Amino acid sequence: MKFFALLKYELRICLPWLLLCTLAFTVIGSILMKGILLNQSNYINQGYYENYSYYFFASYGPIREFGPLILMISLALGVILAVAQFFLPGVFKTWPFTLHRSIRPQMILWSKFTAATVTFVVSLGLIWTLFYAYAAVPGRLYLPVFFTTYLEGWIYILTGLIAYWGTALSSVSTAYIYTTRMLGLAVATGAIFLVLLQTSITGAALWAAAGAGVLIIQLFDTFLSREY
Amino acid sequence: MAFWIQISPGSKQPIYTQVYEQISQAIIKGDLAAGDKLPPVRKLAAELVVNPNTIARAYTQLEQNGLVSTRTGAGTYVIDPKLRQKDAVHISALCERLDSIISQAKLLGLDYGELTELLNDRMKRFYHET
Amino acid sequence: MQDIIIETQQLTKYYGKTLALDHLNLRVPRGCIYGFLGRNGSGKTTAIKLMLGLLKPTTGSASVLGCDAQVLTPKTRGQIGYVTEGHRLYRWMRIGALETFQKAFFPDRWDSQLFDEMLDYFDLGKKQKIKSLSNGQRAQVSLALTMAPDPDVMIMDDPTLGLDVVIRRQFLEGMIHLIQKKGKTILFSSHILSDVERVADRIAVIEKGVLRADCTLEEFRRNIRKVHFVFDGQIPDVIDIPGLLHKRHNQHHLELTLVGTTDEQIKNAVEATGAKDYAVVDLNIEDQFIEFTAREKTKPLFQWEA
């Protein structure tokens, strides 16, 4: 009951960004998809069967064009959600009101994470799935569409969450030294680069999980031990 | 209830004293007659926006000085003047008059001993020593 | 049922090198309205935040309802109503949504009727957004949100700072309303002395992080007085009288501010100094507070040339 009250509150904060993101991704993605459909011949000419590194994953197929788009929107969404959930309460001094509640303070973090994850899943994950399903319909494209590309899309979405946790950590940090406070963002950036440098989905997923894990643990520690 | 209490928090008098004074004044003037019930502590506290303990304190003092009597569960009532043990209200008025006399004596130049002697002398005419 | 609801033991807080609280020892008994008096920046907010576990002590401890402030359990927090400094609430929320939010944390003790009555009394609508409210209205919402769960302890951090007299009075009414119920305790910090005088049973005076007084309101009012000594000739340099706080003089007139000095001690001092006459002056609470917390100064800031 109490968790759902918190969750409802957090979702309400995420909602405008959820809608904006869904809209942006749908619109831009549709334009991109149309472009792919019309220009499939280009890909044959460019010899896309070879493993050239457009960006980092060893992915084939024109649908990989979606990669940069998902990455950019995902990173932006991650930063924005973290600012809305973790930075603004500091600016508007609402932490004392939020924290003095008949709950364990961990619940506050879990409600924020849940709301953020839901936002990512719906606005990016769901739409990406629809785009992929559309492209994967047999006969839609005469070039093959690979399932690994679909998984890659999810890796990009996950990097957005890493950016989210990194920004959150920097937002709640109360370290006096500026560089210490920026550690969250620095670790997130480092983790994202590591993820994108991988040549296999499994490797990417593992580094993403590791990066996320480190940030989440540090976030709990900082959030629960700092002063307000 | 034909009396009204007004609290001035910025005054030199503590609040419970103000309440006490105003109620006892009301009793003197007759705004509160014998048998009248004082408002319950809680009600007066809420009306005046004052701590209930302050009101209770004033009521206790009124009772100690014999002006009111509290019956548990029934409330606080003004006592019939004939039944009062010590007529504190009248004594208070008497004190005022005494103060006035003493000031006059001092102005005339009488010292402590002279005034005491004068007073004893006059009192002997009323009270017969046993 | 505990007798002492809020307690601090040698509570000390440093911000870097700045001492904000110096070994604070206070105890708030059950059923008491405890006024926490001090000038702005004297350490009141620091003390309150330490009591609620929002700050960490440098040394010492605080506890509420028997629970250490650094590890307040959810259950204990549910019994404490906290009116935060500045009444900061979620700006984008409507009052009705904020009510629903707050209510969810008190499933078995939320008084909907009281909440509605208070909003009605304050002339506030549930559709209004917090960001559209004035500071005073936000304070009113804050009060309603804190009182509706019928807290056992109410801790209020300068709730009427910067607010007009009408709202200050409403807060006092709320406090009286709560204290009439059995077993409730209120701690509130303020620098509005007349408000404190109305409702407080006990007061603590804190100045630059140091507890200067911790007594009943009555004791405070009774024990701080001024005495005027009149001299024929020279005023003696040294006055030996217990409880002397300040002294001021001009020509033949000596004004002493005393704390806790008995009438007899005053008379003894009159004899000892050879004063011609003396008069005891009662003070109102503002003057008492000013005298009590003032530094000894040789020259007043503003001076009239005779």
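Chains as they are written, first to last, in our numbering: chain E, 1 to 228; chain U, 229 to 358; chain V, 359 to 664.
A virtual CB, placed ideally from N, CA and C, is assigned to each residue, including glycine.
In this text the structure is predicted, and so the values were computed from the model without any measurement.
Next on the checklist: Residues in the same chain with beta-carbon distance under 6 Å from U:Ala333, minus the five sequence neighbours each way, listed in chain order, please.
Outcome noted: Same-chain partners within the cutoff: Leu343.
Next on the checklist: Using a Cβ-Cβ cutoff of 8 Å, what residues of the stretch 498-532 of chain V are near chain U? List them in chain order.
Outcome noted: Per Cβ criterion, the list reads Arg527, Leu530 and Glu531.
Checklist entry - Nearest CA to the CA of E:Phe86: which residue from E:Leu69, E:Arg101, E:Ala115 and E:Phe66? => result With distances taken between CA atoms, E:Phe86 lies nearest to E:Ala115 out of E:Leu69, E:Arg101, E:Ala115 and E:Phe66.
Item to check | Bridge partners - V:Met514, DSSP secondary structure assignment | outcome: In the DSSP assignment, the residues bridged to V:Met514 are V:Val441 and V:Phe546.
Item to check | Span separating the alpha-carbon of V:Leu602 from that of V:Thr615 | outcome: About 6 Å.
Next on the checklist: I need the DSSP call for V:Asp522, collapsed to helix, strand or coil.
Outcome noted: V:Asp522 falls in the coil class under three-state DSSP.
Next on the checklist: I want to see whether chain V comes within less than 8 Å of U:Ile251, judged by CB atoms only; does it?
Outcome noted: No, U:Ile251 does not count as interfacial toward chain V.
Item to check | Own chain residues within Cβ distance below 6 Å of E:Gly29, not counting five before or after | outcome: Setting aside the 5 residues that flank it on each side, E:Gly29 is surrounded in the same chain by Phe131, each with a C-beta closer than 6 Å to its C-beta; the list follows chain order.
Item to check | Segment limits, alpha helix (DSSP H) that includes U:Gln250 | outcome: Counting along the chain, U:Gln250 sits inside the alpha helix (DSSP H) bounded by residues Ile243 to Lys257.
Next on the checklist: What does the alpha-carbon distance come out to for the pair E:Tyr178 and V:Thr442?
Outcome noted: Cα-Cα distance, rounded: 28 Å.
Checklist entry - Which whole-angstrom value describes the C-beta separation of E:Ser74 and E:Thr159, a residue pair presumed to lie in contact below a C-beta threshold of 8 Å? => result That pair is a contact at about 6 Å.
Checklist entry - Name the DSSP bridge partner or partners of V:Pro387? => result Residue pairing by DSSP places V:Pro387 opposite V:Ile362 in a beta bridge.
Next on the checklist: Is U:Ile243 close to chain V? Criterion is C-beta to C-beta, closer than 8 Å.
Outcome noted: Answer yes: the Cβ-Cβ gap between U:Ile243 and chain V drops below 8 Å somewhere.
Item to check | Option in V:Thr431, V:Arg385 and V:Val585 with minimal Cα separation from V:Ala420 | outcome: Cα-wise, what sits closest to V:Ala420 is V:Arg385.
Item to check | Paired residues, beta bridge with V:His610 - DSSP | outcome: Answer by DSSP bridge pairing: none, since V:His610 is not bridged.
Next on the checklist: Among the candidates V:Arg653, V:Leu530, V:Leu377 and V:Thr431, whose CA atom is the shortest distance from the CA of V:Val422?
Outcome noted: Nearest option by C-alpha distance: V:Thr431.
Item to check | Cutoff 8 Å; reference V:Ile534; Cβ partners in own chain excluding five residues on either side | outcome: Cβ neighbours of V:Ile534 beyond the five flanking positions: Val557.
Item to check | Own chain, CB closer than 6 Å to E:Phe57, minus 5 neighbours either side, in chain order | outcome: In this prediction, E:Phe57 has a pLDDT of 43, which is less than 50 and means its spatial position is unreliable; nothing more can be read from the coordinates.
Next on the checklist: I need the straight-line Cα distance from E:Thr119 to E:Leu77, nearest angstrom please.
Outcome noted: Spanning the two alpha carbons is a distance of roughly 9 Å.
Checklist entry - Are the beta-carbon atoms belonging to E:Trp17 and E:Ile80 less than 8 Å from one another? => result Closer than 8 Å, so yes.
Next on the checklist: Taking the beta carbon of V:Trp450 as the centre, do at least 16 other beta carbons fall within 10 Å, making it buried, or is it exposed?
Outcome noted: Classification for V:Trp450: exposed.
Checklist entry - Taking U:Glu275 as the reference, which of V:Thr651, V:Pro507 and V:Arg527 has the closest Cα? => result Ranking V:Thr651, V:Pro507 and V:Arg527 by Cα distance to U:Glu275 puts V:Arg527 first.
Next on the checklist: If you measure between the beta carbons of E:Lys2 and V:Ala502, is that distance less than 8 Å?
Outcome noted: Contact flag unset, no.
Item to check | Reduced DSSP category for E:Pro96 - H, G, I as helix; E, B as strand; rest coil | outcome: If DSSP states are grouped into helix, strand and coil, E:Pro96 belongs with the helices.
Item to check | Extent of the continuous alpha helix (DSSP H) run through E:Gly166 | outcome: Phe147 to Val172 is the span of the alpha helix (DSSP H), which, as asked, contains E:Gly166.
Checklist entry - DSSP beta-bridge partners for V:Leu301? => result Past the edges of chain V, shown from 359 to 664, lies residue 301 of chain V, and the structure says nothing about it.
Item to check | Identified DSSP bridge partners for V:Leu395 | outcome: Bridge partners of V:Leu395: V:Ser548 and V:Val563.
Next on the checklist: Mapping the DSSP letters down to three states, classify E:Ile177 as helix, strand or coil.
Outcome noted: The answer is coil: DSSP assigns E:Ile177 none of H, G, I, E or B.
Next on the checklist: Please list the terminal residues of the continuous alpha helix (DSSP H) segment that includes V:Ala497.
Outcome noted: Unbroken alpha helix (DSSP H) run through V:Ala497: Asn493 to Met505.
Checklist entry - From E:Arg64, E:Ile108 and E:Lys34, pick the residue whose C-alpha is nearest to that of E:Tyr9; which is it? => result The closest CA to that of E:Tyr9, considering only E:Arg64, E:Ile108 and E:Lys34, is found on E:Ile108.
Item to check | Proximity below 8 Å, CB of V:Ala506 to CB of V:Leu472 | outcome: The answer is yes: Cβ separation under 8 Å.
Checklist entry - What residues from the stretch 534-549 of chain V come within 8 Å of chain U, judged by C-beta to C-beta, listed N to C? => result Flagged, chain order: Ile534, His535, Ile537 and Gln538.
Next on the checklist: Which of the three DSSP states is assigned to V:Asp553 in this structure?
Outcome noted: In this structure, DSSP gives V:Asp553 a helical state, which the three-state scheme calls helix.
Item to check | Proximal chain V residues relative to U:Val278, where beta-carbon distance stays under 8 Å | outcome: Neighbours of U:Val278 in chain V, taken as residues at a C-beta separation under 8 Å, are given in chain order as Ile534, Arg556 and Val557.
Item to check | Cβ neighbour criterion (16 or more within 10 Å) applied to V:Asn608 | outcome: Residue environment: V:Asn608 is assigned as exposed (fewer than 16 neighbouring CB atoms within 10 Å of its CB, all protein chains considered).
Next on the checklist: Quick check on the DSSP output: the beta strand (DSSP E) that includes U:Val296 runs from which residue to which?
Outcome noted: Val296 to Arg299 is the span of the beta strand (DSSP E), which, as asked, contains U:Val296.
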